[in-house]
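Before any comments, here is the structure.
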Amino acid sequence: MWRSRKVLEAGAFMVPLVIVAALLQIAVGIGVVDSALVPSPWSIGQAIVRLSAPQPLLLSYLLTSLYRLLTGFIFGGFVGVALGVLLGSSTALRNALKPVLDFLISVPTICWVPLLLISVGVGDATVIIAVFLGCVFPVTYSAMNGVRSAREELVWGARSMGASSARVLRSVLLPAALPTVITGLRLAVGYSWRALIGAEMLAAAGSGIGYMIYAARAFYDVDVMFAGLVVIALAGLAMDYLVMGSVERRTVQRWGMVTKTW
Amino acid sequence: MSSSRGRIRRASPQWLIPLVVFLILWETVSQLGLVEPVLISSPSAAFRALADQANMRTNAGYSVLALHMLSSVGALALGLLLAAGTGVTLGILMGASGRVYRFLDPLLTVLMPIPGIAWAPLFMLWLGFGMPTIVATGAIAAFFPLAYNTAAGVRSIDPKLLMAARSMGTSQRDILWRVCVPGAAPSILTGLSLAFARGWRTVIAVEMISASLWGLGFMIMEGREYLRPDLIYGGIMVVGIVFLLLEWLVVRRLEEASVGKWGVTKPTESW
Numbered sequence: 006m007w008r009s010r011k012v013l014e015a016g017a018f019m020v021p022l023v024i025v026a027a028l029l030q031i032a033v034g035i036g037v038v039d040s041a042l043v044p045s046p047w048s049i050g051q052a053i054v055r056l057s058a059p060q061p062l063l064l065s066y067l068l069t070s071l072y073r074l075l076t077g078f079i080f081g082g083f084v085g086v087a088l089g090v091l092l093g094s095s096t097a098l099r100n101a102l103k104p105v106l107d108f109l110i111s112v113p114t115i116c117w118v119p120l121l122l123i124s125v126g127v128g129d130a131t132v133i134i135a136v137f138l139g140c141v142f143p144v145t146y147s148a149m150n151g152v153r154s155a156r157e158e159l160v161w162g163a164r165s166m167g168a169s170s171a172r173v174l175r176s177v178l179l180p181a182a183l184p185t186v187i188t189g190l191r192l193a194v195g196y197s198w199r200a201l202i203g204a205e206m207l208a209a210a211g212s213g214i215g216y217m218i219y220a221a222r223a224f225y226d227v228d229v230m231f232a233g234l235v236v237i238a239l240a241g242l243a244m245d246y247l248v249m250g251s252v253e254r255r256t257v258q259r260w261g262m263v264t265k266t267w
Numbered sequence: 029m030s031s032s033r034g035r036i037r038r039a040s041p042q043w044l045i046p047l048v049v050f051l052i053l054w055e056t057v058s059q060l061g062l063v064e065p066v067l068i069s070s071p072s073a074a075f076r077a078l079a080d081q082a083n084m085r086t087n088a089g090y091s092v093l094a095l096h097m098l099s100s101v102g103a104l105a106l107g108l109l110l111a112a113g114t115g116v117t118l119g120i121l122m123g124a125s126g127r128v129y130r131f132l133d134p135l136l137t138v139l140m141p142i143p144g145i146a147w148a149p150l151f152m153l154w155l156g157f158g159m160p161t162i163v164a165t166g167a168i169a170a171f172f173p174l175a176y177n178t179a180a181g182v183r184s185i186d187p188k189l190l191m192a193a194r195s196m197g198t199s200q201r202d203i204l205w206r207v208c209v210p211g212a213a214p215s216i217l218t219g220l221s222l223a224f225a226r227g228w229r230t231v232i233a234v235e236m237i238s239a240s241l242w243g244l245g246f247m248i249m250e251g252r253e254y255l256r257p258d259l260i261y262g263g264i265m266v267v268g269i270v271f272l273l274l275e276w277l278v279v280r281r282l283e284e285a286s287v288g289k290w291g292v293t294k295p296t297e298s299w
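Sequences listed follow chains W and X, in order. Taking the numbering used here, the leading residue of the first sequence gets 6, the next gets one more, and so forth. Taking the numbering used here, the leading residue of the second sequence gets 29, the next gets one more, and so forth.
What follows is the structure, encoded as structure tokens:
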């Protein structure tokens, strides 16, 4: 029963995409749209095949991008959560650092890339640091807000029953912060993803999906550009649904604090 | 007016002090030479670089820094205007008609995770270098949050309100302007402030890669060409400050003027 409904839902999701693709194919076919500017879905498909068949170029670009994303995101996530918990639990530290954080969070990540290009140079390290910078500040922010959202009575209660500071942190503050942290990490995947694509365009040195799109421009290769956009869209969707969706299910729902923000 | 200004003046030291302390620490570290100067430059060098840019004049006698700022802000404004026109219209259509929603929702869902900057090479091919590409890419980055949030806002309007309006013989146009738009306003504004942030980021990024001649992104990239970290840090400061100022001046004001006036409470921030 539920399986057939799922099939129906997937069908309803696919139908508009298929219709638009078909219309585009026809428009390019009869020459309404210039195929040098907008490729037909068929030639996008051919480009994807061409980039995968003798050598799995597309796959290796995608894996390189994902490796950079994951490395930067893991570092950024850890540092961000640690910093956020610290800022959330200490008022003095928060007062001292929040204005700086407020400023840093409003600086587009890509602005740091030219600086990294001077000091670190072109390559993986620059892209990974850019991804790190893209997610560390939002994660810090959400972890800080999460810790602060813990109800004070709970903290008092735990303290009055003789819990140590570490115990309060572990048993009260962290579980209370978790829904916000998870939401923050989820958003940070998006920020990291944006930072990754932008940084790859400026600093990738020959690999990665962002580099591929940017390099295709030099050859006026719209097929490859669109192939890249398709891969970016699919990877973005997959990340949002698979990775963060399941983390949220496993942790937040277990604690009975379901926060769906969308 | 005066009361809000007073509030700001009283509140300013609280957030200003840490920033000043931060700048002093930064200056000290770089004066003592603890860290490679190429890496961290120093605030005084950054301010000097900015002052140079501000004092430098074009042939027509305009300040170069002012033109960079104007170019970026202008591109953002044009992009937002385009995005708001198309995004809000589309969002209202999606909210009003289930059929339109079912058709467009998959398309938006698939296109939304594509970062604005990823469209830039394509637009460079279609529109050439410079302003048109910057505006178009900013617009597409701003379009999705606006369309999505508008649709969500219209769909969240209590159907009883629509039924009541209809049963009292309200015309379609009045339903649109008196029910749908005010009802969706908080959500549209959430979309707008998101669109504003994404648009700004994208404009700066495209200025960096599209070989334009003006804009703060270009200025920062120039700092890279000439190995001038002071100019890059100065650019980063200006980009952040302009963003915060615009957000405070425009987005907050707009919120106060519309949502505040209609007495609709803003839902909890949903990104």
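From the three backbone atoms N, C-alpha and C, an ideal C-beta is built for every residue, glycine too.
Item                                                                                                                                   : Value
Buried versus exposed, by CB contacts within 10 Å (16 or more), tyrosine 261/X                                                         : buried
Secondary structure of arginine 156/W, DSSP reduced to three states                                                                    : coil
Alpha carbon of isoleucine 202/W to alpha carbon of alanine 146/X, nearest angstrom                                                    : 7 Å
Reference phenylalanine 231/W, options Tyr246/W, Leu242/W, Gly215/W, closest by Cα                                                     : Gly215/W
One or two residues paired with arginine 85/X in a DSSP bridge                                                                         : Ser91/X
Alanine 233/X at chain W interface by Cβ criterion, 8 Å                                                                                : yes
Selected residue, minimal CA-CA separation from alanine 223/X, among Gln81/X, Phe151/X, Ala111/X, Asp80/X                              : Ala111/X
Entirely enclosed alpha helix (DSSP H) segments - the region 245-286 of chain X, minimum 4 residues                                    : 257-274, 280-283
Backbone secondary structure at alanine 168/W - three-state DSSP                                                                       : coil
Cβ-based neighbour list, phenylalanine 157/X, same chain, cut-off 8 Å, excluding 5 preceding and 5 following                           : Ser238, Ala239, Ser240
Counted within 10 angstroms of its Cβ, other Cβ atoms place aspartate 202/X as buried (16 or more) or exposed                          : exposed
Burial state of tyrosine 196/W (16 or more Cβ within 10 Å)                                                                             : buried
For glutamate 14/W, the three-state DSSP class (helix, strand or coil)                                                                 : helix
Pair within 8 Å by beta-carbon distance, threonine 230/X and threonine 137/X                                                           : no
Of the listed residues Leu78/X, Leu109/X, Asn177/X, Arg252/X, nearest to leucine 95/X (C-alpha basis)                                  : Leu78/X
DSSP-derived helix/strand/coil call for tyrosine 3/W                                                                                   : Residue 3/W lies beyond the stretch modelled for chain W, which goes from 6 to 267, so this question has no answer here.
The alpha helix (DSSP H) enclosing glutamine 51/W, as first and last residue numbers                                                   : 46-57
Threonine 264/W classed as buried or exposed, judged by whether at least 16 other C-beta atoms fall within 10 angstroms                : Because the pLDDT at threonine 264/W is just 43, under 50, the model does not fix this residue reliably, and the value given afterwards should be weighed accordingly. Under this definition threonine 264/W is an exposed residue.
Serine 240/X, DSSP secondary structure in three states                                                                                 : coil
Complete runs of the alpha helix (DSSP H) confined to the region 132-162 of chain X [at least 4 residues]                              : 148-155
Burial state of tyrosine 176/X, where buried means 16 or more other Cβ atoms lie within 10 Å                                           : buried
Where isoleucine 134/W meets chain X, residues with beta-carbon distance less than 9 Å                                                 : Correct list: empty, because the minimum Cβ distance to chain X is about 12 Å.
Of the residues Arg183/X, Gly61/X, Ile68/X, Leu220/X, the one placed nearest arginine 130/X, counting alpha carbons only               : Arg183/X
Amino acids of chain X, ordered along the chain, whose beta-carbon sits closer than 7 Å to that of cysteine 140/W                      : None at all; the shortest Cβ gap to chain X is about 14 Å.
C-beta neighbour in chain X for aspartate 129/W, strict 8 Å                                                                            : no
Within 8 Å, strictly: CB atoms of alanine 148/X and valine 234/X                                                                       : yes
Interface residues of chain X facing serine 124/W [CB-CB closer than 8 Å]                                                              : Glu64, Val66, Leu67, Pro257
Helix, strand or coil at aspartate 186/X according to DSSP, with G and I counted as helix                                              : coil
Beta-carbon separation (whole angstroms), glutamine 60/W vs serine 45/W, contact threshold 8 Å                                         : About 24 Å; that fails the 8 Å criterion.
Contacts that methionine 230/W makes with chain X (C-beta to C-beta distance below 7 Å)                                                : Pro149, Leu150
Spatial distance of glycine 251/X from serine 72/X (CA atoms)                                                                          : 16 Å
Chain-order list of residues whose beta-carbon lies under 7 Å from that of tryptophan 228/X (same chain, five-residue window excluded) : Leu104, Phe271
Cβ-based contacts, 7 Å cut-off: residues of the region 233-245 of chain W near chain X                                                 : Leu234, Ile237, Ala238, Gly241, Leu242, Asp245
Where tyrosine 146/W falls: helix, strand or coil (DSSP)                                                                               : helix
Cα-Cα separation, leucine 255/X to glycine 268/X                                                                                       : 21 Å
Residue burial classification, aspartate 186/X (beta-carbon count within 10 angstroms, cutoff 16)                                      : exposed
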